[in-house]
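**Q** Here it is: the structure, laid out below.
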Amino acid sequence: MFILTVIKLLLIALNIFPSRFTNRRIMFVIYMTNLVTHVMMDEPRFAQPIPNVTVAVGRDANLPCVVEHLGGYKVAWIHIDRQMILTIHRHVISRIPRYSITYTDNTWLLHVNQAHQDDRGYYMCQVNTNPMISQVGYLQVVVPPNILDIESTPSSVAVRENQNINMTCRADGFPTPKIIWRREDGEEIAVEKKKKVLVYDGDILPLTKVSRNEMGAYLCIATNGVPPSVSKRIILDVEFSPMIWVPNQLVGAPSGTDVTIDCHTEAHPKAIIYWVYNSVMVLPSKKYKTDYTENSYRAHMKLTIRNLQYGDFGNYRCISKNSLGETEGSIRVYEIPLPSTPSKQVTHTTVESRENNIIPSSRNDTTKSLQTDVGYAMKNDLYPGSASSSSGSGGSASAASSSSSTSMQTSALPGGGASGNSLSALGGSSKGSLAIGKSMFYTERPPNEYSSSVAGLMPPQSCWLTTLGTAIYLAIIVL
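Residues -18 to -1, 1 to 461 in mature numbering (1 follows the signal peptide of the UniProt record, and there is no 0) are what the sequence shown spells out, letter by letter.
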């Protein structure tokens, strides 16, 4: 039907123009033919634009070009940035093997396998109509960040304390990566005249007057929105000579016990730490136990000395030494008396007796007898008139009793003799007087409750009353 219509139009055109305009007639026929073709038929057209595609380097990318009513026309793909024809219809023209073409349902799909950064740019899909029709899409090839070790600070760097240092971290990628710094332990970073921040932005991290507290691992992290992000770990070592401090410089302990002394030290590089006693290094043994606990640049030294003896008391030195210097601390271990531990029964009895102002019942009878005998002896020896005022029989009985009691008391005293006249000769130089004097020299003053009961029996004019009271107190203790 379409062909018949075209023929009719041609015949009408031939009848209109005179025969002398032959060339014009031909041109008109061609024009009319094209006009009828465009009017009566659908020309090729793009059904949808080419999308912009983003792909990570090394991945595959696909660019679609959908053409309707293609007819006998052909489709070509061109990389504009390279000015390179890639495909024409179903044939691959480029020598790059990573390009390929497929056709399904009016869609011409350009495949870019394992995309390189050179593949980034504009791609044109063209149909060879007259005039030519085309459309353009963009292929974005992104690159994850990559830290350039050759342009960055090494993984370990050392600096002396109180000096300055700049740590550098360079990275490439597309888009251009962003660099941030943080400490691995989560502590703040001191920058720009001791301004402290948790995160610092920039390729270069400036640190001024570095202290030992800034020692540790720093993380340089590069990100550009393309996974994965990457980081570099840089360890900053701050070097300084050893320092020591001693919690207790004087330590006292009794003989036969164990004692532990300790020192704290800081140093970097790592120091050699040890103990010295009497100019000899202390080594672990049955006598000595050493313990060292290290944390970063800090160390805690402990020395335990077992079963202290006379030769173990003295000065012990803890020494810390590294390549930058040496220092030491001194601890003096001295002997203290072993605390007395009286039995619970005796202590309880003494406390109860003092509270009630009485002498323990186990010693009441002996004490009363001793006080009576001693008092009677004193009256007879020192005041003979009082004894002679009694009757004859009573006086002799009293004298006998006095002699017997005096002999018993004297023998009970430390260092005392067994003779019956020792107490009667207290004013002289008898053995009994000498024994009492020695006891008084080594013994503390007796308690008030004991001395008061004896004081009433002594004449205030005698200069030896204190000695006699002490003797009585010692006799009570011995009994």
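Heads up, the beta-carbon is just placed ideally off N, CA and C, and yes, glycines get one too.
Compute the beta-carbon to beta-carbon distance between E310 and R299, rounded to the nearest angstrom, for a pair I have assumed lies under 8 Å.
**A** 5 Å
**Q** For Q327, collect the residues of the same chain with a Cβ closer than 8 Å to its Cβ; drop the 5 residues on either side in sequence, then sort them by chain order.
**A** Low confidence applies here, because Q327 scores a pLDDT of 40, under 50, leaving its location unreliable; read the following figure in that light. For Q327, where only same-chain residues beyond five positions count, there are no Cβ hits under 8 Å.
**Q** Does the separation of the CB atoms of V39 and V124 fall below 8 Å?
**A** With respect to the 8 Å criterion, V39 and V124 are classified as neighbours on the basis of their beta carbons.
**Q** Counting pairs of Cβ atoms below 8 Å between the region 220 to 227 and the region 247 to 266, do you hit three or more?
**A** yes
**Q** Determine the DSSP secondary structure at E308, reduced to helix, strand or coil.
**A** strand
**Q** Taking only three categories from DSSP, how would you classify N195?
**A** helix
**Q** Would you kindly work out how many angstroms separate the C-alpha atoms of M114 and Q108, rounded to a whole number?
**A** 7 Å
**Q** Pull up the distance between the alpha-carbon of N148 and that of L218, whole angstroms please.
**A** 11 Å
**Q** Taking the straight line between their C-alpha atoms, what separation do you get for R345 and Y256?
**A** Below a pLDDT of 50, predicted positions are generally treated as unreliable, and R345, at 39, falls in that range; the measurement from the model is reported next regardless. Approximately 60 Å between the Cα atoms of the pair.
**Q** Who are R215's beta bridge partners in DSSP?
**A** Per the DSSP secondary-structure output, R215 pairs in a beta bridge with L201.
**Q** Exposed or buried, what is T135 when buried is set at 16 or more other beta-carbons lying within 10 Å of its beta-carbon?
**A** Burial state of T135 is buried, judged by a 10 Å Cβ sphere holding 16 or more other Cβ atoms.
**Q** Taking C-alpha atoms, which residue in N277, A199 and R80 lies nearest to V139?
**A** A199
**Q** With contact counted as at least three CB pairs below 8 Å, one residue from each stretch, are the region 63 to 75 and the region 154 to 161 in contact?
**A** no
**Q** Since I62 contacts L68 with CB under 8 Å, what's their CB separation in whole angstroms?
**A** Between L68 and I62 the Cβ distance is about 11 Å, and since that is not below 8 Å, they are no contact.
**Q** With the cut-off set at 8 Å, would you say K176 and E170 are in Cβ contact?
**A** No, the pair does not count as a contact, with Cβ atoms beyond the cut-off.
**Q** On the premise that L45 lies in contact with Y105, defined as a C-beta separation below 8 Å, what is that separation, rounded to the nearest angstrom?
**A** Right, their Cβ atoms sit about 5 Å apart.
**Q** Measuring CA to CA, which of V141, L306, I313 and V264 is closest to V220?
**A** V141
**Q** Around the Cβ of M283, are there at least 16 other Cβ atoms within 10 angstroms (buried) or fewer (exposed)?
**A** buried
**Q** Check for me: the beta strand (DSSP E) holding L232 runs from which residue to which?
**A** L232 to A235
**Q** Helix, strand or coil for I318, going by three-state DSSP, please let me know.
**A** The answer is coil: DSSP assigns I318 none of H, G, I, E or B.
**Q** From P429 to S322, what does the alpha carbon distance come to, in whole angstroms?
**A** Bear in mind that the predicted position of P429 carries a pLDDT of just 41, short of 50, making it too unreliable to give a figure here.
**Q** Measuring CB to CB, does A153 end up less than 8 Å from L130?
**A** yes
**Q** Mind checking G155: buried by the 16 CB within 10 Å criterion, or exposed?
**A** buried
**Q** Hey, could you find the ends of the beta strand (DSSP E) K269 is sitting in?
**A** K269 -> no beta strand (DSSP E), and no H or E assigned at all.
**Q** Where do the N-terminal and C-terminal ends of the beta strand (DSSP E) with M106 fall, by residue?
**A** G103 to V109
**Q** Compare the Cα-Cα distances from V192 to each of Q145, I32, G184 and E174 and report the closest residue.
**A** Q145
**Q** Between Y85, A29, R102 and T89, which has its C-alpha nearest R64's C-alpha?
**A** R102
**Q** Is DSSP giving P50 helix, strand or coil here?
**A** Residue identity check: residue 50 is Glu in the sequence provided, not Pro. Strand at E50.
**Q** Per DSSP, what kind of secondary structure is Y85 in: helix, strand or coil?
**A** strand
**Q** Examine the ligand ZN and report whether any of its heavy atoms sits within less than 7 Å of the Cβ of R102.
**A** As far as ligands go, the structure on display features none, and thus does not contain the ligand ZN.
**Q** Around the C-beta of V181, are 16 or more other C-beta atoms found within 10 angstroms, so that it is buried, or is it exposed?
**A** exposed
**Q** Residue range of the beta strand (DSSP E) that Y256 falls in?
**A** I254 to Y259
**Q** Please classify D24: does DSSP put it in a helix, a strand, or coil?
**A** DSSP places D24 in coil when its eight states are reduced to three.
**Q** Tell me whether the beta-carbon of K269 lies closer than 8 Å to the beta-carbon of I287.
**A** yes
**Q** Given L187, which residues of its chain have a CB within under 6 Å of its CB, disregarding the five upstream and five downstream residues?
**A** M149 and W163
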